[in-house]
Amino acid sequence: MQALTFQGKGKVTCEEVPDPKIENAGDVVIKVTSCAICGSDLHIYDGVMPHMHHGDVLGHETMGEVVEVGADVTKLRVGDRVVVPFTIACGECFFCKRGLFSGCERSNPDREVAKKYWKNSPAGLFGYSHMLGGYAGGQAEYLRVPYADVGPIKVPGGMTDDQALFLSDIFPTGYMAAEHCDIRQGDTIAVWGCGPVGQMAIRSAFLLGAERVFAIDCVPERLTMAAEAGAECINFRDCDVVDVILQRTGGRGADGCIDAVGTEPSAMTSVDAMIDQVKVLTYIGTDRPVVLRQAIHACRNWGVVSVVGVYGGYIDKFPFGSAMNRGITIKTGQTPVQRYLPLLLDHIVEGRFDPTFVITHKGKLEDGPDLYRAFRDKLGGCVKVVLQP
Ligand code: NAD
Ligand code: ZN
Ligand code: ZN
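Residue numbers for the sequence shown follow the UniProt record's numbering, beginning at 1 and rising by one.
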């Protein structure tokens, strides 16, 4: 089959790779009808996600039709149309039973690699490094889906791929980012990053009752998209973001601050520190990462800083004193996508949320290398890319 593969920093190619097969009785194989490129894929593309091997198949936002079913699968049949959560979860372990699927203790077979970095291990993810299971990704014609009774959700007839696809990641992630802010009617939320995740977070914040949302970025098309949702835009190149937010909230700060940016590769000052013989990405001795610091400083006393932007390593000069003395709660995590699916599917079906607004670019798998570049460099107003193999 054809698939997009990682070939080193800044290099993605469309290659012929072996078709996936059922490996365990709980697996299904799907024929991919739509998949997307995510900001998380850019961390791989930018070379800041360790333990990616040349030739690894990329992609974790995928949907399609079930074409093969393992012997133990009870909920899916050949021909079902499904969206696949990017988080792989067994459904039975300590964390899965609590609905914390992205903490699954059984879906990452390479746990020791993650433990070298993080002392413990999260769940496995599709197409996202051998620290997180080394699973082949879904920017491909076919995808093997482990624990198929736990992850994929059936798409109702009549719902288009474009409406359903973002249930795999960015809609639940943006929603969780907002939910973590414990929004009350009338609250003010600030969102750093108007990429696809930030866009979902902005609209989710309004859905959950926010009265005002500040949207922070520097890309004009992305700020415009945020303004169309009713957000007040702040271009971080034109001003001191923290000052502006404090001014516009009467000196108090935003009730919730969402980091939908994550690792800023240009700010990594040391990518060669070694811990337990593993390279560790570190922000050292700079004022970076800008976003996390601004989010803490712009948050009101006893507010929430909600971090969904992905970080890999260590952060120097983290303003923990400001957070502690002002009672700030920091919430974060890879999204336990499965727990949000029933609710968010309902929001789409009932017309309360239409995630399709974010799509600006479409192509085939072979357009993938060009579209990775367009998405990373924000060319031609690119906000979200959907590929149809
Ligand atoms: P993206 O790269 O398209 O968007 C990031 C945006 O941040 C860009 O528009 C960029 O211009 C903006 N930005 C850069 N520096 C900034 C600054 N200093 N202030 C404000 N904005 C700034 O990516 P995306 O797809 O929207 O994803 C965003 C983040 O969310 C990534 O780190 C991604 O890995 C992460 N993510 C996390 C989860 C999760 O489960 N927690 C899931 C999906 C994505
Ligand atoms: Zn993603
Ligand atoms: Zn589990």
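Where is the CB? At the ideal position from N, CA and C, for every residue including glycine.
Residue environment, residue i, which counts as buried when at least 16 other CB atoms sit within 10 Å
| i | result |
| --- | --- |
| Trp192 | buried |
| Ala25 | exposed |
| Asp187 | buried |
| Val337 | buried |
| Ala190 | buried |
| Arg77 | exposed |
| Cys239 | exposed |
| Glu112 | exposed |
| Glu228 | exposed |
| Asp354 | exposed |
| Gln247 | exposed |
| Pro389 | buried |
| Asp300 | According to the sequence shown, residue 300 is Arg rather than Asp. With 16 or more other Cβ atoms within 10 Å, it is buried. |
| Leu343 | exposed |
| Met324 | exposed |
| Phe101 | buried |
| Phe86 | buried |
| Arg184 | exposed |
Extent of the continuous beta strand (DSSP E) to which residue i belongs
| i | result |
| --- | --- |
| Glu15 | Val12 to Glu16 |
| Lys362 | His361 to Gly363 |
| Asn235 | Glu232 to Asn235 |
| Asn325 | Counting along the chain, Asn325 falls outside any beta strand (DSSP E), though it belongs to the alpha helix (DSSP H) covering Phe320 to Asn325. |
| Ala215 | Arg212 to Asp217 |
| Leu379 | Leu379 -> no beta strand (DSSP E), and no H or E assigned at all. |
| Ile183 | Counting along the chain, Ile183 falls outside any beta strand (DSSP E), and DSSP gives it neither H nor E. |
| Ile258 | Ala254 to Asp259 |
| Ser306 | Cys299 to Val307 |
| Ile328 | Ile328 -> no beta strand (DSSP E), and no H or E assigned at all. |
| Leu143 | Tyr142 to Val145 |
| Leu207 | From DSSP, Leu207 is part of no beta strand (DSSP E) but of the alpha helix (DSSP H) over Pro196 to Leu207. |
| Val386 | Val385 to Leu387 |
Contact test: residue i Cβ vs ligand 1 heavy atom, cutoff 8 Å
| i | result |
| --- | --- |
| Thr360 | no |
| Leu344 | no |
| Phe101 | no |
| Arg222 | yes |
| Gln139 | no |
| Gly195 | yes |
| Lys317 | no |
Any non-hydrogen atom of ligand 3 closer than 8 Å to residue i Cβ
| i | result |
| --- | --- |
| Phe236 | no |
| Ala148 | no |
| Ser121 | no |
| Ser107 | yes |
| Ala89 | yes |
| Phe95 | yes |
Terminal residues of the alpha helix (DSSP H) in which residue i lies
| i | result |
| --- | --- |
| Gly39 | Gly39 to Tyr45 |
| Met63 | It is not in any alpha helix (DSSP H) - Met63 instead sits in the beta strand (DSSP E) that spans Glu61 to Val69. |
| Gln2 | No alpha helix (DSSP H) holds Gln2; the beta strand (DSSP E) holding it covers Gln2 to Phe6. |
| Leu341 | Val337 to Val349 |
| Ala164 | Asp161 to Ala164 |
| Leu223 | Pro220 to Glu228 |
| Arg81 | Looking at the DSSP string, Arg81 is not in any alpha helix (DSSP H); the run it does join, the beta strand (DSSP E), is Arg81 to Val84. |
| Val358 | Counting along the chain, Val358 falls outside any alpha helix (DSSP H), and DSSP gives it neither H nor E. |
| Asp243 | Val241 to Arg248 |
| residue 401 | Only positions 1 to 389 of the chain appear in the structure, and residue 401 is not among them; the question remains open. |
| Glu112 | Arg111 to Trp118 |
Neighbourhood of residue i by C-beta, 7 Å cutoff - its chain only, sequence neighbours within 5 removed
| i | result |
| --- | --- |
| Gly103 | Phe95, Pro122 and Ala123 |
| Asp161 | Thr33, Ser34 and Met63 |
| Lys378 | Val219 |
| Val73 | Gly26, Val28, Ala148 and Asp149 |
| Asp19 | Met1 and Tyr142 |
Spatial neighbours of residue i in its chain, beta-carbon cut-off 6 Å, leaving aside the 5 residues before and after
| i | result |
| --- | --- |
| Gly64 | Ile30, Lys31, Val32 and Thr33 |
| Gly59 | Cys35, Gly127, Gly137, Gly138 and Gln139 |
| Thr173 | Val197, Val308 and Thr335 |
| Ala71 | Ala25 |
| Gln7 | Thr13 and His54 |
| Val291 | Trp192, Asp259 and Val261 |
| Val358 | Pro196, Gln199, Val383 and Lys384 |
Distance cut-off 8 Å: residue i Cβ against heavy atoms of ligand 2
| i | result |
| --- | --- |
| Ile170 | yes |
| Thr263 | no |
| Glu61 | yes |
| Gly133 | no |
| Cys38 | yes |
| Phe86 | yes |
Chain-order list of residues whose beta-carbon lies under 8 Å from that of residue i (same chain, five-residue window excluded)
| i | result |
| --- | --- |
| Cys14 | Gln2, Ala3, Leu4, Thr5, Leu365, Glu366, Gly368 and Pro369 |
| Ala374 | His361, Gly380, Cys382 and Val385 |
| Val242 | Gln294, His297 and Ala298 |
Cβ of residue i within 9 Å of any chain D Cβ
| i | result |
| --- | --- |
| Ile22 | Protein chains in the displayed structure number just one, and chain D is not present. |
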